[in-house]
Amino acid sequence: MSSSLAWRCRAHNSPRTLSLAQRFTILPNNHFPLATTRVSRTANDRSRPSQLRSVHHTAPPAASRSSNEKSLSPLLNPPASTRPPVLETVQREAHGSMPAYLFYVGKSYLKFYKNGLKAVFANRRLLREKIAQTPVDDRPSVWRPHAVPRSFSRADWVLLWRVRHDLVRLPCFGLLFIVCGEFSPLVVMLVDGIVPYTCRIPRQLRAGAEQAEARRRLAFRQLETAHPHGVLSPNVTRGVARRHVLRSLHLSGAMWDRLGGVAPPGMWQVKGALRMAFLEGDDAKLVADGAPMGLEVDELRIACMERGIDVLGKSESEMRTWLGDWLRLTAAEDVTERRRRMTTLLMTRQENWPQNRDFAVPDWHL
1 MSSSLAWRCR AHNSPRTLSL AQRFTILPNN HFPLATTRVS RTANDRSRPS
51 QLRSVHHTAP PAASRSSNEK SLSPLLNPPA STRPPVLETV QREAHGSMPA
101 YLFYVGKSYL KFYKNGLKAV FANRRLLREK IAQTPVDDRP SVWRPHAVPR
151 SFSRADWVLL WRVRHDLVRL PCFGLLFIVC GEFSPLVVML VDGIVPYTCR
201 IPRQLRAGAE QAEARRRLAF RQLETAHPHG VLSPNVTRGV ARRHVLRSLH
251 LSGAMWDRLG GVAPPGMWQV KGALRMAFLE GDDAKLVADG APMGLEVDEL
301 RIACMERGID VLGKSESEMR TWLGDWLRLT AAEDVTERRR RMTTLLMTRQ
351 ENWPQNRDFA VPDWHL
C-alpha cells in the first residue's frame with residue numbers, strides 16, 4: 001500500500017467536512033495568530049487609534065471569531081495563563097529618536113517576560129490546588145506518564161503537562177534572563193528549547209511553526225523515497241518510525257537533521273515517548289469532554305501542531321476537521337490497537353490519511 005495513496009478525500013470534497021464548515025466562518029488564509037501584539041501609545045500619540053492584532057495567545061477579535069464563546073468548554077480549555085501573555089510594542093514613528101524607541105521596545109519585552117514568568121508560578125499554584133483536591137491514589141505521577149487521573153478534565157491534563165514543560169526550563173531561562181536582560185529576545189531565538197512556553201514571543205512562535213512544517217515536509221519526502229509503501233514497508237522498523245516522528249513533530253533539534261537525521265540515544269525516551277503519553281491522554285479527554293467543537297481557536301491550533309497537523313494558512317474549520325479526523329481514526333478501546341493507529345497517522349501525510357476507520361496498521365507501535 002503506497003503512502004501516497006489518497007486514502008482521505010480532501011476537506012472541501014467531504015460531505016462531513018462541508019457540514020462542519022457551515023458551522024464556522026472561514027478565516028483568511030493569512031490568519032495565523034501566534035501571539036497577541038498590542039501597539040502601545042505614548043503621551044504624544046494618544047490621539048492615534050490603538051492597533052490590536054489578534055494572535056496566538058488570546059481569543060481572536062469578535063469579527064473573526066468563528067466559535068460562539070458560550071460553546072467553549074472550560075473542561076477542554078486550560079487557563080489563558082498557560083499561553084504567552086500580551087506583548088506590547090511601540091510604534092516607531094511615536095518616538096523621535098532611535099535610542100528612545102529602543103528603550104521603550106526593551107521595556108515592553110521586559111514586561112512581557114516578567115508576566116510570562118509570573119504565569120509559570122501562577123499555573124503551578126493552580127495545578128497544586130487541583131492535585132490537592134484529587135484522591136491520593138488518583139494523582140498523576142512522572143513514573144506513569146500515560147495514566148490520566150480519573151478526576152482530571154482535558155483542561156487539567158493540559159495544565160499538568162504545560163506546567164511540567166515550563167518548570168523544567170525555568171532555571172536555565174531565568175539565568176539567561178538575568179544575564180541578558182532586555183537583550184533576551186535576541187538570544188532566545190537561538191536557544192528556543194530552554195524557553196518556557198509562556199515566555200515565547202510572537203516571532204519565536206511563528207518561526208517555530210514554520211520550521212516544524214518545513215521539517216515535516218522534508219521528513220516525509222525522505223521517508224517516501226526510502227520506503228515507498230510507507231508505514232507498511234517491510235524495512236520500516238520501530239527505530240525508523242521513531243526517528244521520523246521525532247523530526248516530523250519537531251521534537252528533536254534541527255541540528256540533528258544536518259548531522260544525517262540520526263537522533264542521539266535516549267531522545268525518544270526523553271521527548272518522543274512523553275509526547276505519545278500526552279497525546280494518548282489528551283485524545284481520551286478530548287473525546288470525553290466534547291472536542292473539537294468546544295476548543296477555543298488558540299487551543300485548537302496548539303492541539304493540531306502537537307499531532308503534526310499543519311496549521312499555517314489553515315482556516316478554523318479545516319483545523320477542526322483535521323483534529324476530528326485524528327480523534328475518529330485513532331479511537332480504539334484496546335491500548336495496543338490505539339497506539340498502532342496513532343503510529344499509522346504519524347507516519348502518513350495528513351492529506352493521505354484514511355477516510356474510513358478500516359485501514360491497515362503495522363504489527364508494532366511507537
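163 is the number that our numbering gives to position 163 of the sequence shown; each next residue is one higher, with no gaps. Note that the Cβ used here is the ideal one computed from N, Cα and C, for glycine as well. Note that the structure is predicted; figures quoted are calculated from it, not measured.
Starting from residue i, trace the alpha helix (DSSP H) in both directions and tell me its first and last residue.
i	result
Lys114	98–132
Leu274	273–289
Glu306	297–306
Trp214	Per the sequence shown, residue 214 should be read as Ala rather than Trp. 202–226 is the extent of the alpha helix (DSSP H) around Ala214.
Asp358	Unbroken run through Asp358: none, as it is neither H nor E.
Thr330	316–330
Would DSSP call residue i helix, strand or coil?
i	result
Glu337	helix
Leu366	coil
Thr348	coil
Trp157	helix
Leu249	coil
Leu190	coil
Trp353	coil
Ser47	Caution applies to Ser47, whose pLDDT of 39 falls short of 50 and renders its modelled position unreliable; the model cannot decide the point.
Thr89	strand
Pro84	coil
Asp138	helix
Trp143	coil
Gly294	coil
Leu72	coil
Phe183	helix
Asp310	coil
His229	coil
Out of curiosity, what's the CA-to-CA distance linking residue i and residue j?
i	j	result
Thr89	Val187	18 Å
Ser73	Gln350	27 Å
Ile201	Pro171	18 Å
Pro135	Asp363	37 Å
His196	Asp298	A quick correction: the sequence has Pro, not His, at residue 196. Rounded to whole angstroms, Pro196 to Asp298 spans 17 Å at the Cα level.
Thr237	Leu246	14 Å
Leu87	Leu232	46 Å
Phe359	Gly281	23 Å
Ala6	Lys314	Note that Ala6 scores 32 on pLDDT, short of 50, meaning its location in the model is unreliable; the coordinates nonetheless yield the value given after this. So the alpha carbons of these two residues sit roughly 20 Å apart.
Glu306	Ser97	43 Å
Asn356	Leu329	7 Å
Gln211	Phe220	14 Å
Leu110	Ala100	15 Å
Ala226	Pro234	11 Å
Asp137	Glu337	27 Å
Gly106	Ala122	24 Å
Ala63	Pro78	With a pLDDT of 33 at Ala63, under the threshold of 50, the modelled position of this residue cannot be trusted, and the question is left open.
Leu366	Phe103	50 Å
Arg154	Gly324	16 Å
Leu251	Leu205	15 Å
Gln269	Gln91	46 Å
Since I believe residue j is in contact with residue i (beta carbons under 8 Å), could you give me their beta-carbon distance rounded to a whole number of angstroms?
i	j	result
Trp157	Lys271	That pair is no contact at about 18 Å.
Arg301	Val287	Contact doesn't hold; Cβ gap of about 19 Å is too wide.
Leu76	Leu127	Going by Cβ atoms, the distance from Leu76 to Leu127 rounds to 17 Å, so no, they are not a contact pair.
Cys199	Pro84	7 Å
Arg243	Ala214	Between Ala214 and Arg243 the Cβ distance is about 17 Å, and since that is not below 8 Å, they are no contact.
Tyr113	Phe152	No, Tyr113 and Phe152 are not in contact; Cβ-Cβ is about 30 Å, not under 8 Å.
Gly230	Thr348	6 Å
Leu175	Arg124	That belief does not hold up - the Cβ atoms of Leu175 and Arg124 are roughly 19 Å apart, past 8 Å.
Is it the case that the CB of residue i approaches a heavy atom of the ligand NAP more closely than 7 Å?
i	result
Ser151	This structure lacks the ligand NAP; in fact it carries no ligand of any kind.
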